[in-house]
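Written out below as structure tokens is the structure these notes cover.
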Amino acid sequence: MNVRLYIWQRATAAIMAPLVLVHIAVIFYATRQGMSATEVLARTRGSVAWAAFYGLFAISASIHASIGVRNILDEWLPLNERRAGVCAIAFGLATALLGIRAVAAVVLP
Amino acid sequence: MHSELSVSLWRGGADGRYETYNVPQRESQTVLDVVTFVQRHIDPTLSYRFACRVGVCGSCAMTVNGKPRWTCRTHVTKVSHGGRLEIGPLENLPVIKDLATDMQPFFEKWQGAKGAFAPTKTRHDAIAQIRPDTPARMAVDAAIECINCGICYSACDTVRWNDRYLGPAALTRAWTLVNDARDGGNTARLQAIAGSGGCHACHSHQSCQQLCPQALNPTAAIAGLKRRTVAAYLNREIGA
Amino acid sequence: MNARYLKHRGDALWLAALVHRLSGLALAIFLPLHFLALGLAIQGEARLQSFLRWTDQPLVKFAEVALVFLFTVHLLGGLRILVIENLDWRDGQKRLATLAAAVSAIVAFAFLVRVF
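Chains as they are written, first to last, in this note's numbering: chain W, 860 to 968; chain S, 3 to 242; chain G, 253 to 368.
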């Protein structure tokens, strides 16, 4: 960990705090309604708002999680710092790509 | 009160083992009294450190039933359960022999955190006027009484997991200097604690704060350093 | 990790930090899988719908309850860290940490009630 990674991790955490609350509310709402895939997608398809919300969420989460994973690899496994960093970057990129793909999947008309 | 204590002491180096001794229990006995008894009356080859015996020097710190403590300030009745004690050397430091550890890595990290005062004046200048009630000086005063006993360093999980981590004591000293209006070394100091192994490695477990016998709060000092290094980085005073 | 290691650990704040780390790890493992599932919508609504039907199983629902707990406890643990690092030092943190765990359990329980 260093000051640069720290800033990215805390900043994405601060960004995500309100997003997480909204997401929990969405989860509760969707399960209460017993929404099917069709009903969910009807709301998300073509929506700029959902695209922006979940796009920001997915990217922030990928950055935040990869830095956290880096710390765990560095501290709990016998990897050296550089290797932990490489693994974490790979994880972050893969997750971010999957995230953008998922957002696109539900938002593109 | 049991008439006799069953005391396990670490013997040997890193590849040593615990050996058990029977020590008569006495009134107001401290753990240091117990160790001293073993060395004087049972096994003179036992190695351990102490100096003042009265809780001001920090030399007698050892691991007692899993917790790092000053043994001269730890009453046996407070920590022994069922008349048993387990005493080992401080954790996270190389063992020299038995209960004595090598404090060199601790002090090297002190230097690594730039925990030394960088003067800006000479004897020909006027004495600096430091008011004791400024926020900066109050922050220094709250953190300055470290006597380098190593308890916080020994208790810290992040030190255990990350051998680059400078540790709570070194960073707390850096904090006192960062807040010292007379010090001129802050750019180098903030740079030194902003890299790998610096203050950002702290996870705020707060074992240090809970166990410091001087009631210092390294977690709070390190939180302050996190804020200062972020500001310095964003202002381009230091790099990453 | 043995009994000696845990002696001065295992108090509320140390547990809070461990729970924070483990919940983050669990969420980090879950996240790409979550994205993969949502990406099924690319193959059409029917594909996503059949996946959602799969998640109706009780075991999966329990896993979702656990995820809601982990999510909430990780958020609250993170807020604890942000408060320690950016606001003045405060006492009573052990109480707050325990409260955070309780709130997370309540939120997860509310979710449990909803889905069963």
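Note that beta-carbon positions come from the ideal geometry of N, C-alpha and C, so glycine has one too.
Rounded to the nearest angstrom, the gap between the Cα atoms of residue 261 (chain G) and residue 82 (chain S) is 18 Å.
In the same chain as residue 956 (chain W), and ignoring 5 residues on each side of it, no C-beta atom comes closer than 6 Å to its own. For a Cβ distance threshold of 8 Å, residue set 933 and 934 of chain W lies close to residue 164 (chain S), ordered along the chain.
Approximately 7 Å separates the beta-carbon atoms of residue 887 (chain W) and residue 363 (chain G); this is inside 8 Å, confirming the contact. The C-alpha of residue 219 (chain S) is placed about 39 Å away from the C-alpha of residue 315 (chain G). Taking each of S:45, S:216, S:237 and S:107 in turn and checking the Cα distance to residue 162 (chain S), the smallest one comes out for S:107.
By the CB criterion at 7 Å, residue 75 (chain S) and residue 57 (chain S) fall inside the cutoff. Contact of residue 269 (chain G) with chain S is assigned, a C-beta pair being separated by under 7 Å. Taking a C-beta distance under 7 Å as the contact criterion, residue 176 (chain S) and residue 117 (chain S) qualify as a contact pair. A direct Cα-Cα distance of roughly 14 Å separates residue 12 (chain S) from residue 33 (chain S). In the three-state reduction of the DSSP assignment, residue 281 (chain G) falls in the helix class, which pools H, G and I. Separation of residue 98 (chain S) and residue 26 (chain S) (C-alpha to C-alpha, rounded to the nearest whole angstrom) is 28 Å. Assignment of beta-bridge partners to residue 64 (chain S) by DSSP yields S:71. Nearest to residue 69 (chain S) by C-alpha distance, out of S:94, S:17 and S:179, is S:94. Residue 939 (chain W) counts as exposed, since fewer than 16 other C-beta atoms from the protein chains shown sit within 10 angstroms of its C-beta. When C-alpha distances from residue 155 (chain S) are compared across S:43, S:207, S:236 and S:7, the shortest belongs to S:207. Listed along chain W are 862, 865 and 869, each with a C-beta nearer than 9 Å to that of residue 228 (chain S).
Below 8 Å, too few C-beta pairs join the region 288-297 of chain G and the region 945-956 of chain W to call them touching: fewer than three.
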